[in-house]
Structures are given as C-alpha cells and as structure tokens.
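Asker: Would you mind keeping the following structure in view while I ask a few things?
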Amino acid sequence: MDQTDAVSVFLYHLGRACVRRRWRTIGAWLISAIALISLNGAIGGEMTNGFVVPGLDSQDAYDLLSDRFPAEGGINAQVVVEAPDGSLLSDAPQRKALEELTAALAGIDGVEVVVPPTAGQTISSSGTIGLFRVAYSPDFIPSLAMLETLEETGRDAIGTQEALRVEFGGDLYNAADQPETGLGEMLGLISAVVVLLLAFGSIVAMGLPIGLALFGLALGIGGIIGLVAIGMDVPEWTPNMASMIGLGVGIDYALFIVTRFREGLADGLTVEDAAGRANATAGLSVIFAGGTVVIAILGLAMAGLPFMTAAAVAVSIVVGLMVLASLTILPALLGWAGHRVNPKRTRSNPTLQRVTTTGRWQRWGDHVSKHAWPYMLSTLALLVALTAPVLDLKLGFPDQGNMPE
C-alpha cells in the first residue's frame, strides 16, 4: 500500500467515524470555536496599519525620525485653503481666518503639531492657495471618526464667512477611509447560493457548503487571526483577504465532498459508507488543493515584508481550518442530512438519483464536445474582452487622485 492509499484509507475511516459520532463531532467543533473566540477576546492581539520594511534606507530614516521627533512619527493630514477671487491669503480677513483655523486644528484631540501655510514654502506663487500640515500623535490609530472630527472642526472654524474655502486630504484619508468589507463577499455568497441550488436542487445540499464556509470563516476571523496577532504584526486588511480566500476554498472543498456523497448514495451505499467514500476520494483532493493554496499564500513571506508574512500566516491557517472542517464536521453534517441532500423526487429512487447526479452534466459535456470550436472561440472572445482593460492599465503609487470626490 503506497502513501496515497494509506491516506485514503485513513480518510475513509475518519469519515465513517464522524458520521457514527456526528453529534460529538459537531459538539467538539462548537466548543472549540467558542473557546478560541473567547480566548481571542481575552488575550488576542490588535491588528496594525503599519508597514515596516526592514533594511531599507527609507525605513531607517522613518525610525530615526520617530525616535528623535516622536510627533513626526504619526499619521498626517493636509488641509488646503483657498482665498476667494480677488483676495490673497495675506489680506487681513484671510490672515484672521487662518489664525482661527490654526487654533481650531491644534485643539483636536490627538493632534501634536499644526504647521500653517508659510510664504515661499506652502503658499502658492499666486498667494491664493495654502497648505496646512496636521500631524497626529503616533499613538492614535487612524479611523473614520478622526476624519469626521477634522472636517467638522475645519469647517466650523471657517464658519459662514467667505474668507476661505477649505478642503481636506493627506495620509490620514488613505489610512482611515478604507472601503467597507462585506459587500463583495455578500454578492459572491448570493451567487454561490443560486448556483448550488440550481446544481443540486436541494436546499440542504446547497446549505452545507455555504454553512461550512461561513462557520470556518467566523472561527478564523473571530478567533485565529487575533491569536496570530499576539506574536506578529498582522495588518488590518487581513480579514478582508481571509474572507475572500476562505469563502472560496471553503465552498469549493465542501462541494467536492457533497458531490461524491450524493454519488455514493446514488450507487446504493449507506449514508455512513457514502460519507466514508466521499472522504477517501474527494477528501484526498481537498488535502492536496488546500496544501497547494497554503504553500502559495506562504510564498508571500519571500517578499521579506513582515506585515505580508503575518497576513500570509493568518490566512493560511484559515485555509487549513477549512480543510480540517471539510474532512470532519462536514461528514458529520452529511450523516445528519442523509438522503436529504437529494431533491425530494429522487430520494427513494437510486436510479433516478444517479441520472440526476450525472446525467445532466454528461449531456452537457457531450454537447460541448460535439460543438468544440464554437464554444472554444466564444470563450476565448469572452476572456479577451474581460482582459482588455489591462491595455489601459497605469501603474503608480496612490495619491489624492485615487480618493473619491
């Protein structure tokens, strides 16, 4: 018996054991999830928005600046002021408005330094536009609340007078004004629900991959990532990355096993034997696929960037969690679901189950094979259309032009 056969035999017995002891398996996972999430709430580390790149001269300069001039080590905001037509910033009404704005900005909680516009440096040659620099304490973590406070304070200081027009920007906006996570994942989830429901014709069969992915994702984001942050500087965008990858692999891996389970039932196997065979066949593919994804993600560590390494470690653990859940809790859930993974009309008819499971896709495959060239050319045209925007791709660093109006 080679190593692959040994793994398949182990997975077969594991799947059967999880079916026989389904409630123990499900209970063990739930207890573990509660324990990990509670542990994260008690001792979990905080995610960071810092980007430390050791070995670079610019990083050494930043570290020196933070050490010698702590106020310069925090996030900065920019406040741009413009005098109305026919006026200059050096005129009396504008000078008074600048002084009031400077005092108001300096009074914001967390602001260390306010550098007002200076002639010859941060005032335009026309004398009508000036730039404030607002430096926050390094201890302050950028947030949307900071943006709102900055804008409200600035506009309140100007008031209804028309001495100045004021706009806001700077690194604070790039750091704090991040897009809300969840919309893309929600659209993907809805699409998966529709596709799985059409493919399986059973709410139970559709719900198992979706539910497993959501459970694994909740455990990964709610428990694992925070615990990783205890010893590593995990960037704050890691949950977004984990959601994107975790949902994909979780649904995909569960789909493999559910499909094999349905085929086993169609072949007349018992629920326990069908789950064991699904684990032994599709489960082996899940292990190899999950291992490949983990290795690929951990390859980010080769960049030599600590924050990328931390994100890769956290996300790879989430993927590993999805693999483990697919091989244990999913067979237990299949043992609970039994023949309900099939549409009602086929549950008592194995022959009809077999036709429903394989017949549609067999007919579709035969149809595509008979019309290979039209499908190949139309698919190629679609791919070319989807990749066309790359011809107008412009590379560069983010600036204020990237921010929404």
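Note that numbering that gives the first Met the number 0 numbers the sequence shown so that position 376 is 375, with each residue one more than the last.
Beta carbons: idealized from backbone N, C-alpha and C, even for Gly.
Just so we're clear, the structure is a prediction, and the values are computed from it rather than from any experiment.
Quick one: Cα of A96 to Cα of L104, how far?
Answerer: Taking the straight line from one Cα to the other gives about 12 angstroms.
Asker: Would you mind working out which of N278, L320 and L390 sits nearest F9, comparing C-alpha positions?
Answerer: Of the candidates N278, L320 and L390, the one whose C-alpha sits nearest the C-alpha of F9 is N278.
Asker: Return the Cβ separation of F139 and G106 in integer angstroms, given the expectation that the two are a contact with Cβ distance under 8 angstroms.
Answerer: With 8 angstroms as the limit, F139 and G106 do not qualify as a contact, their Cβ atoms being about 15 angstroms apart.
Asker: Could you have a look at Q120 and say whether DSSP puts it in helix, strand or coil?
Answerer: Coil.
Asker: Could you check if S325 is buried or exposed, using at least 16 other CB atoms within 10 Å of its CB as the buried criterion?
Answerer: With 16 or more Cβ atoms within 10 Å of its Cβ, S325 is classed as buried.
Asker: Assign M0 to buried or exposed, taking buried as 16 or more other Cβ atoms, counted over all protein chains shown, within 10 Å of its Cβ.
Answerer: Bear in mind that the predicted position of M0 carries a pLDDT of just 49, short of 50, making it unreliable; the figure below should be weighed with that in mind. Label assigned to M0: exposed.
Asker: Can you say whether Y172 is buried or exposed, counting buried as having 16 or more other CB atoms within 10 angstroms of its CB?
Answerer: Buried.
Asker: Let me know the secondary structure DSSP gives R132 once reduced to three states.
Answerer: It is a strand residue.
Asker: Hey, how far is the Cα of S86 from the Cα of A60?
Answerer: Rounded to the nearest angstrom, the two C-alpha atoms are 40 angstroms apart.
Asker: Using a Cβ-Cβ cut-off of 8 angstroms (strictly less than) and excluding sequence neighbours within five positions of R362, which residues of its own chain qualify?
Answerer: Answer for R362: no residue qualifies.
Asker: What's the C-alpha gap between L351 and E262?
Answerer: Bear in mind that a pLDDT of 49 at L351, under 50, signals an unreliable position, so the number given afterwards is only what the model happens to contain. C-alpha separation (whole angstroms): 11 angstroms.
Asker: Give every residue of the same chain whose Cβ lies closer than 8 angstroms to the Cβ of L299, excluding the five residues on either side of it in the sequence, and list them in chain order.
Answerer: Hits under 8 angstroms: M307, T308, A310 and A311.
Asker: Going by Cα to Cα distance, which pick from S123, E150, S201 and P115 is closest to R339?
Answerer: Looking at the Cα atoms, S201 is the closest of the given residues.
Asker: What residue from G290, A331 and G337 has the CA that sits closest to V317's CA?
Answerer: Taking only the C-alpha atoms, the option nearest V317 is G290.
Asker: Helix, strand or coil, according to DSSP, for A76 in the structure here?
Answerer: A76 falls in the strand class under three-state DSSP.
Asker: Can you give me the C-alpha to C-alpha distance between G249 and I36, rounded to a whole angstrom?
Answerer: Approximately 19 angstroms, taken between the alpha carbons.
Asker: Report buried or exposed for T237, applying the criterion of at least 16 other Cβ atoms within 10 angstroms of its Cβ.
Answerer: The residue is buried, with at least 16 neighbouring Cβ atoms inside 10 Å.
Asker: Grab me the residues of L333's own chain with a C-beta within less than 6 angstroms of its C-beta, minus the 5 sequence neighbours each way, in chain order.
Answerer: Cβ neighbours of L333 beyond the five flanking positions: F260 and A274.
Asker: My understanding is that A81 touches T127, with C-beta atoms under 8 angstroms, so please give their C-beta distance in whole angstroms.
Answerer: Correcting the residue identity first, residue 81 is Glu in this sequence and not Ala. With 8 angstroms as the limit, E81 and T127 qualify as a contact, their Cβ atoms being about 6 angstroms apart.
Asker: Sorted by chain position, which residues of the same chain lie with C-beta nearer than 8 angstroms to V227's C-beta, five sequence neighbours on each side aside?
Answerer: G44, V233, A309, V312, A313 and I316.
Asker: Suppose you measure from the CA of R276 to the CA of I296; what does that come to, to the nearest Å?
Answerer: Using only the alpha carbons, I get a separation of about 30 angstroms.
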